[in-house]
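Undergrad:
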Amino acid sequence: MRLFHAELEIDECVAEMWLNDIPLQRMVPGGVINVAVPAHIFLFSGVNTLELLVHPGPRPSQARTGLPGARPGGNAFARLAAYQPGQFTGDPSAPVYAQLSWNSATAMSGAYPRSIRATGDLGGMFGRWHWQDGDPLELDPNTIGSASQTLDVIRRSLAAGNPDGFLRLAEQRFDNFSRAYPARSYETLVREFREGVAEGASDPGWVFPELDPRQFDFRVVGGGRLLQCINTDWSPTLRTFPLEDGDPNYYPTYLCRVNSRWQVAI
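For the numbering used here, add 207 to where a residue sits in the sequence shown, where the first one is 1.
Put into structure tokens, the structure is as follows:
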């Protein structure tokens with residue numbers, strides 16, 4: 208089975224990588240400068256679009272907002288590649304289905320943020336994801352309010368060490384993942400999630416802070432069918448307090464609404 212990864216590498220610039228209108232990774236100087244994101248769950252059958260958003264705005268909801276006079280330096284590179292099991296990501300011999308780059312030294316003048324896109328036809332993949340037929344979303348107060356209520360159901364369930372609140376909302380998500388990675392069945396994925404929550408809840412520091420709407424910076428993505436639950440600091444809204452290693456456990460969450468009911472899509 209081919210293993211698809213979306214890869215991003217930066218050098219002294221800020222860039223965000225998107226796949227099929229879904230944000231996968233934002234990177235800034237001073238931290239990790241390259242990443243490979245497992246991409247199966249974000250792929251469509253047929254044509255797929257990889258995007259590099261260079262010098263995005265200061266917060267997620269403003270990522271595409273113009274920055275007058277911006278003249279970013281550095282360079283960025285992204286690609287969608289396929290690997291054989293056991294093959295290292297970044298291997299130059301891997302088949303590449305979409306690739307793009309930006310270099311400040313050769314970039315044409317103009318406004319930033321700057322979107323650069325490349326497409327590749329992957330043929331038949333995993334079929335249509337359930338959220339692609341979900342309700343179109345508008346980022347209005349009612350949407351944000353009802354989505355945050357759903358997110359809080361998940362938060363309270365996980366905080367109690369009980370995965371059921373999440374699992375009730377994520378049946379289609381686990382079905383999608385089992386299609387994307389058929390070596391792991393639906394039942395296996397659910398069992399592993401239950402085990403992960405039980406293990407996490409055994410940590411004395413397993414505490415989920417209450418949601419703070421003042422920090423929300425949700426954005427509609429995925430062609431208008433997904434709601435990315437993200438905060439102004441570019442971190443997932445759903446998270447624990449920092450654990451013993453100093454970092455929270457993050458739960459990146461994309462919600463969809465199908466027949467007027469919120470579900471966990473990705």
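Glycine included, each C-beta is placed from N, C-alpha and C at the ideal position.
Among Ile-248, Asp-440, Ala-318, which one has its Cα closest to the Cα of Asp-419?
TA: Your numbering for residue 419 matches position 212 in the sequence shown. Considering only alpha carbons, the answer is Asp-440.
Undergrad: Going by beta-carbon coordinates alone, are Leu-344 and Leu-231 separated by less than 8 Å?
TA: Along the sequence shown, read from residue 1 onward, the residue named residue 344 stands at position 137. Along the sequence shown, read from residue 1 onward, the residue named residue 231 stands at position 24. Contact flag unset, no.
Undergrad: May I have the straight-line CA-CA distance separating Arg-266 from Thr-272, to the nearest angstrom?
TA: For the purposes of this step, residue 266 is taken as residue 59 along the sequence shown, with counting starting at 1. For the purposes of this step, residue 272 is taken as residue 65 along the sequence shown, with counting starting at 1. If you take the alpha carbons of Arg-266 and Thr-272, they lie about 9 Å apart.
Undergrad: Out of Ala-318, Gln-422, Arg-386, Arg-375, which has the shortest C-alpha to C-alpha gap to Gly-276?
TA: Taking the sequence shown and counting its residues from 1, one reaches residue 276 at position 69. That would be Ala-318, whose Cα lies nearest to the Cα of Gly-276.
Undergrad: Going straight from the alpha carbon of Gly-502 to that of Asp-342, what length do you get?
TA: There is simply no residue 502 to check, as the chain begins at 208 and stops at 473 in what is shown.
Undergrad: Using only the alpha-carbon positions, how far apart do Gln-291 and Met-332 sit?
TA: Residue mapping note: residue 291 aligns to position 84 of the sequence shown, counting from 1. Residue mapping note: residue 332 aligns to position 125 of the sequence shown, counting from 1. Rounded to the nearest angstrom, the two C-alpha atoms are 16 Å apart.
Undergrad: Could you tell me if Pro-279 is buried or exposed, where buried requires 16 or more neighbouring beta carbons within 10 angstroms of its beta carbon?
TA: Against the sequence shown, residue 279 aligns to sequence position 72. By the neighbour-count rule (16 or more Cβ atoms within 10 Å), Pro-279 is buried.
Undergrad: Is the beta carbon of Gly-264 closer than 8 Å to that of Leu-274?
TA: The residue labelled residue 274 in the question sits at position 67 within the sequence shown. The residue labelled residue 264 in the question sits at position 57 within the sequence shown. Result yes, Cβ atoms of Leu-274 and Gly-264 sit closer than 8 Å.
Undergrad: Over what stretch of residues does the beta strand (DSSP E) that includes Val-235 continue unbroken?
TA: On the sequence shown, residue 235 is found 28 positions in, with the first residue counted as 1. No beta strand (DSSP E) contains Val-235, which DSSP labels as neither H nor E.
Undergrad: Excluding five sequence neighbours on each side, which residues of the same chain lie with their C-beta closer than 7 Å to the C-beta of Arg-401?
TA: Residue mapping note: residue 401 aligns to position 194 of the sequence shown, counting from 1. Result list for Arg-401: Pro-370, in chain order.
Undergrad: Leaving out five residues on either side along the sequence, give the residues of the same chain with a beta carbon under 6 Å from the beta carbon of Val-242.
TA: Taking the sequence shown and counting its residues from 1, the one referred to as residue 242 is at position 35. Cβ within range, chain order: Leu-215, Gln-232.
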